[in-house]
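Engineer: Below is one structure. I have some questions about it.
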Amino acid sequence: MNLLDLLIAPAYAQAAPAGAPQGGLFGGGLGGLVLPLVLIAVMYFLIFRPQMKRAKEHRAMLDKLSKGDEVLTNGGIAGTVTDIGENFITVEIAANVRIRVQKGAIANVLPKGTLKSA
């Protein structure tokens, strides 16, 4: 007998009661795989698929960019595209003030004349 047994009673496993269900939707066997598969499917349709769709639309928007387009960057800077490179875009934000930003930093293409009206 161990000294610890005097303070804490030992726990013993019990057998499952007779007639208890052994399968089903959340039980053992193949039924236990249903819930994780359903959760993965829900995550795909609620999280991953919309994110992939947004990324595809953003790439298409960046491919359509041309000189003279009015753009808004992720940092909130609005300007007109003056030059387009492979990875960078030159944006004129004021008269003779140009900055270079990465293509991925372009958040939106604004409608023509938006900057002049503001």
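Residue numbers 1225 to 1342, in the working numbering, belong to the letters of the sequence shown in order. Where is the CB? At the ideal position from N, CA and C, for every residue including glycine. In this text, all values refer to a predicted model and were calculated from it rather than measured experimentally.
1) For A1239, which of helix, strand or coil comes out of DSSP?
2) Taking the CB atoms as reference points, tell me whether D1293 and V1305 lie closer together than 9 Å.
3) Relative to the C-alpha of G1309, which residue among F1269, M1276, A1319, Q1326 is closest?
4) Measure the CB-CB distance between A1279 and G1299 and report whether it falls below 9 Å.
5) Would you tell me roughly how many angstroms separate the C-alpha atoms of E1331 and T1297, rounded to the nearest one?
6) Report yes if the C-beta distance between A1302 and I1323 is below 9 Å; otherwise report no.
7) Taking its Cβ as the centre, do 16 or more other Cβ atoms sit within 10 Å of V1295, making it buried, or is it exposed?
8) In three-state DSSP terms, what is G1255?
Structural biologist: In brief:
1) Taking the first residue of the sequence shown as position 1, residue 1239 is located at position 15. In the three-state reduction of the DSSP assignment, A1239 falls in the coil class.
2) To locate residue 1293, count along the sequence shown from 1; it is residue 69. To locate residue 1305, count along the sequence shown from 1; it is residue 81. Result yes, Cβ atoms of D1293 and V1305 sit closer than 9 Å.
3) Against the sequence shown, residue 1309 aligns to sequence position 85. The option with the nearest alpha carbon to G1309 is Q1326.
4) Indexing the sequence shown from 1 puts residue 1279 at position 55. Indexing the sequence shown from 1 puts residue 1299 at position 75. No; because the gap between Cβ atoms is not below 9 Å, this pair is not in contact.
5) Here residue 1331 refers to the residue found at position 107 of the sequence shown. Here residue 1297 refers to the residue found at position 73 of the sequence shown. The sequence as given places Ala at residue 1331; Glu does not occur at that position. Those two C-alpha atoms are separated by around 5 Å.
6) Indexing the sequence shown from 1 puts residue 1302 at position 78. Indexing the sequence shown from 1 puts residue 1323 at position 99. Their beta carbons are not under 9 Å apart, which means A1302 does not touch I1323 by this criterion.
7) For the purposes of this step, residue 1295 is identified with residue 71 of the sequence shown, where counting begins at 1. So V1295 counts as buried.
8) Here residue 1255 refers to the residue found at position 31 when the sequence shown is read from its first residue. If DSSP states are grouped into helix, strand and coil, G1255 belongs with the helices.
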